[in-house]
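One structure is given below, encoded as structure tokens.
In my numbering, the protein residues as written are 3 to 118.
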């Protein structure tokens, strides 16, 4: 089995970057909603649940991509994707992330929509 990809490799992978940036944008939107409506933490509304569901789907897509492309076990891909996602959240300016229209980020590729 090939060695697991290095984080450096994933940083340069445009597909991984794009998928994770979608997640970072959704988390920013989720954070905004929770700051405006703290009661949603205990009782999320349909919109917040949708944000969380789409973020999970992007995360699953990114993980599956890393598993397929690098032929590595899922648990390693999950760890690497989580590390890179945290790095992006910490290092990419919020203003740059906000330039991504949330509507575009919430549009999943055909066949990825839950329940469809």
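Where a beta carbon is used, it is the ideal one built from N, C-alpha and C, also for glycine.
Check	Outcome
Quick test of your reading: residue 21 and residue 63, contact by CB under 8 Å. State the CB separation rounded to the nearest angstrom.	6 Å
Count the other C-beta atoms from every protein chain shown that fall within 10 angstroms of the C-beta of residue 27, then say buried if there are 16 or more, exposed otherwise.	buried
Which residue's Cα is closest to the Cα of residue 13: 86, 42, 47 and 40?	86
Using C-beta distances below 8 Å, list every residue in its chain close to residue 68, excluding the 5 sequence neighbours before and after it, in chain order.	7, 12, 18, 74, 79, 82 and 83
By Cβ distance, which residues of its chain are closer than 7 Å to residue 31, with the 5 residues on each side in sequence left out?	53 and 104
Is it buried or exposed for residue 70, if we count other Cβ within 10 angstroms and need 16 for buried?	exposed
Which two residues bound the contiguous alpha helix (DSSP H) that contains residue 15?	Per DSSP, residue 15 belongs to no alpha helix (DSSP H) and is neither H nor E.
Any idea what DSSP makes of residue 28, helix, strand or coil?	helix
Taking the CB atoms as reference points, tell me whether residue 59 and residue 110 lie closer together than 9 Å.	yes
Once the 5 residues before and after residue 108 are set aside, which same chain residues still bring their CB inside 8 Å of it?	28, 52, 53 and 56
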